[in-house]
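2 is the number of the first residue of the sequence shown in our numbering; add one for each residue after it. Glycine is no exception: its CB is placed at the ideal position from the N, C-alpha and C atoms. Everything on this sheet refers to the single structure shown next.
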Amino acid sequence: MLETKLRTKGIDHTVLHVKDVAKSRKFYLDVLGMTVNHEDATHAFLWCGGGQMVALFQVGEGTDIKPGDDVNHMALRIESGTYEEVKAYLESNGATVFGRPGDDRCIYFDDPDGHRLQIMYPD
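Here it is as C-alpha coordinates:
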(Lines of atoms letter the chains of each structure in order from A; the text may use other names.)
(Lines give C-alpha, C1' and ligand atoms only; values in the text may rest on other atoms or scores of the structure.)
Protein backbone atom coordinates (compact mmCIF):
# COMPACT_ATOMS: atom_id res chain seq x y z
CA MET A 2 0.00 0.00 0.00
CA LEU A 3 1.24 3.48 -0.87
CA GLU A 4 2.03 5.73 2.06
CA THR A 5 1.69 8.91 -0.01
CA LYS A 6 -0.15 10.01 -3.11
CA LEU A 7 1.21 9.21 -6.57
CA ARG A 8 3.57 11.79 -8.06
CA THR A 9 3.06 12.28 -11.75
CA LYS A 10 6.33 12.72 -13.63
CA GLY A 11 4.78 13.62 -16.96
CA ILE A 12 2.66 12.26 -19.77
CA ASP A 13 3.87 8.93 -21.15
CA HIS A 14 1.67 8.89 -24.24
CA THR A 15 -1.50 10.24 -25.79
CA VAL A 16 -3.62 7.89 -27.92
CA LEU A 17 -5.20 9.17 -31.13
CA HIS A 18 -7.66 7.00 -33.07
CA VAL A 19 -6.94 7.06 -36.81
CA LYS A 20 -8.48 5.64 -40.00
CA ASP A 21 -5.19 4.60 -41.62
CA VAL A 22 -2.19 4.15 -39.31
CA ALA A 23 0.28 4.19 -42.23
CA LYS A 24 -1.02 7.53 -43.57
CA SER A 25 -1.10 9.09 -40.10
CA ARG A 26 2.35 7.69 -39.26
CA LYS A 27 3.76 9.34 -42.40
CA PHE A 28 2.25 12.72 -41.42
CA TYR A 29 3.60 12.60 -37.87
CA LEU A 30 7.07 11.47 -39.00
CA ASP A 31 7.53 13.51 -42.17
CA VAL A 32 5.69 16.72 -41.24
CA LEU A 33 6.06 16.91 -37.46
CA GLY A 34 9.46 15.22 -37.15
CA MET A 35 8.51 12.51 -34.66
CA THR A 36 10.35 9.17 -34.57
CA VAL A 37 9.13 5.58 -34.17
CA ASN A 38 9.39 3.89 -30.79
CA HIS A 39 7.57 0.72 -31.87
CA GLU A 40 4.76 -0.24 -34.20
CA ASP A 41 2.72 -3.05 -35.72
CA ALA A 42 0.07 -3.25 -38.45
CA THR A 43 -2.53 -1.18 -36.55
CA HIS A 44 -0.54 0.80 -33.96
CA ALA A 45 2.38 3.23 -33.98
CA PHE A 46 4.03 4.67 -30.87
CA LEU A 47 5.96 7.79 -31.86
CA TRP A 48 8.46 9.78 -29.81
CA CYS A 49 7.60 13.47 -29.77
CA GLY A 50 10.33 14.73 -27.42
CA GLY A 51 10.86 14.89 -23.69
CA GLY A 52 10.31 11.15 -23.31
CA GLN A 53 6.68 11.48 -24.40
CA MET A 54 4.88 9.59 -27.14
CA VAL A 55 1.88 9.91 -29.41
CA ALA A 56 0.23 6.54 -29.98
CA LEU A 57 -1.74 6.09 -33.20
CA PHE A 58 -4.38 3.35 -32.95
CA GLN A 59 -6.15 2.35 -36.17
CA VAL A 60 -9.91 2.11 -35.65
CA GLY A 61 -11.49 -1.08 -36.96
CA GLU A 62 -14.71 -1.39 -38.92
CA GLY A 63 -17.92 -1.71 -36.92
CA THR A 64 -16.77 0.33 -33.93
CA ASP A 65 -18.44 3.38 -32.44
CA ILE A 66 -15.09 5.16 -32.17
CA LYS A 67 -14.57 7.81 -34.83
CA PRO A 68 -11.13 9.21 -35.69
CA GLY A 69 -10.76 12.81 -34.57
CA ASP A 70 -13.52 12.66 -31.94
CA ASP A 71 -11.42 11.50 -28.99
CA VAL A 72 -9.23 14.48 -28.00
CA ASN A 73 -10.02 18.22 -28.00
CA HIS A 74 -6.49 19.10 -29.06
CA MET A 75 -2.87 18.20 -28.44
CA ALA A 76 -0.28 20.97 -28.04
CA LEU A 77 3.26 20.41 -29.32
CA ARG A 78 6.19 22.67 -28.41
CA ILE A 79 8.67 23.39 -31.20
CA GLU A 80 12.31 24.46 -31.06
CA SER A 81 12.33 27.24 -33.66
CA GLY A 82 10.45 28.97 -36.46
CA THR A 83 8.34 32.09 -36.84
CA TYR A 84 4.57 32.06 -37.05
CA GLU A 85 4.66 32.73 -40.81
CA GLU A 86 7.34 30.08 -41.46
CA VAL A 87 5.49 27.40 -39.52
CA LYS A 88 2.13 28.37 -41.06
CA ALA A 89 3.58 28.18 -44.60
CA TYR A 90 5.28 24.85 -43.84
CA LEU A 91 2.10 23.27 -42.48
CA GLU A 92 -0.01 24.57 -45.38
CA SER A 93 2.53 23.27 -47.90
CA ASN A 94 2.04 19.84 -46.31
CA GLY A 95 -1.74 19.95 -46.73
CA ALA A 96 -2.76 21.23 -43.29
CA THR A 97 -5.52 23.78 -42.86
CA VAL A 98 -4.20 26.29 -40.35
CA PHE A 99 -6.46 28.03 -37.82
CA GLY A 100 -5.54 30.82 -35.49
CA ARG A 101 -6.86 33.20 -32.94
CA PRO A 102 -6.81 36.81 -34.13
CA GLY A 103 -3.88 38.66 -32.59
CA ASP A 104 -2.25 35.51 -31.21
CA ASP A 105 0.99 34.76 -33.00
CA ARG A 106 2.35 32.54 -30.19
CA CYS A 107 0.53 29.43 -31.38
CA ILE A 108 -0.97 27.82 -34.47
CA TYR A 109 -3.84 25.36 -34.63
CA PHE A 110 -4.25 22.84 -37.45
CA ASP A 111 -5.79 19.42 -38.11
CA ASP A 112 -3.99 16.17 -38.88
CA PRO A 113 -5.28 13.87 -41.68
CA ASP A 114 -7.91 12.35 -39.32
CA GLY A 115 -9.24 15.66 -38.03
CA HIS A 116 -7.38 15.73 -34.69
CA ARG A 117 -6.86 19.35 -33.70
CA LEU A 118 -3.18 20.06 -33.01
CA GLN A 119 -1.53 23.19 -31.66
CA ILE A 120 2.03 24.38 -32.15
CA MET A 121 3.47 26.34 -29.22
CA TYR A 122 6.58 28.46 -29.70
CA PRO A 123 9.70 28.42 -27.54
CA ASP A 124 9.79 30.68 -24.50
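Beta-carbon within less than 6 Å of residue i's beta-carbon, same chain only, minus the 5 sequence neighbours each way: which residues are those?
i: residue 56; result: 14, 16 and 46
i: residue 119; result: 74, 76, 107 and 109
i: residue 79; result: 120
i: residue 29; result: 35 and 47
Which value, in whole angstroms, describes the spacing of the CA atoms of residue i and residue j?
i: residue 94; j: residue 11; result: 30 Å
i: residue 72; j: residue 89; result: 25 Å
i: residue 86; j: residue 117; result: 19 Å
i: residue 50; j: residue 64; result: 31 Å
Determine, using beta carbons only, whether residue i and residue j come nearer to each other than 7 Å.
i: residue 74; j: residue 58; result: no
i: residue 20; j: residue 114; result: yes
Could you tell me if residue i is buried or exposed, where buried requires 16 or more neighbouring beta carbons within 10 angstroms of its beta carbon?
i: residue 60; result: buried
i: residue 81; result: exposed
i: residue 66; result: exposed
Once the 5 residues before and after residue i are set aside, which same chain residues still bring their CB inside 8 Å of it?
i: residue 96; result: 32, 110, 111 and 112
i: residue 92; result: 98
Near residue i, which residues of its chain fall below 7 Å by C-beta distance, leaving aside the five closest residues on each side in sequence?
i: residue 48; result: 35, 36, 38 and 54
i: residue 25; result: 19, 57, 112, 113 and 114
Per DSSP, residue i is paired with what?
i: residue 45; result: 40 and 57
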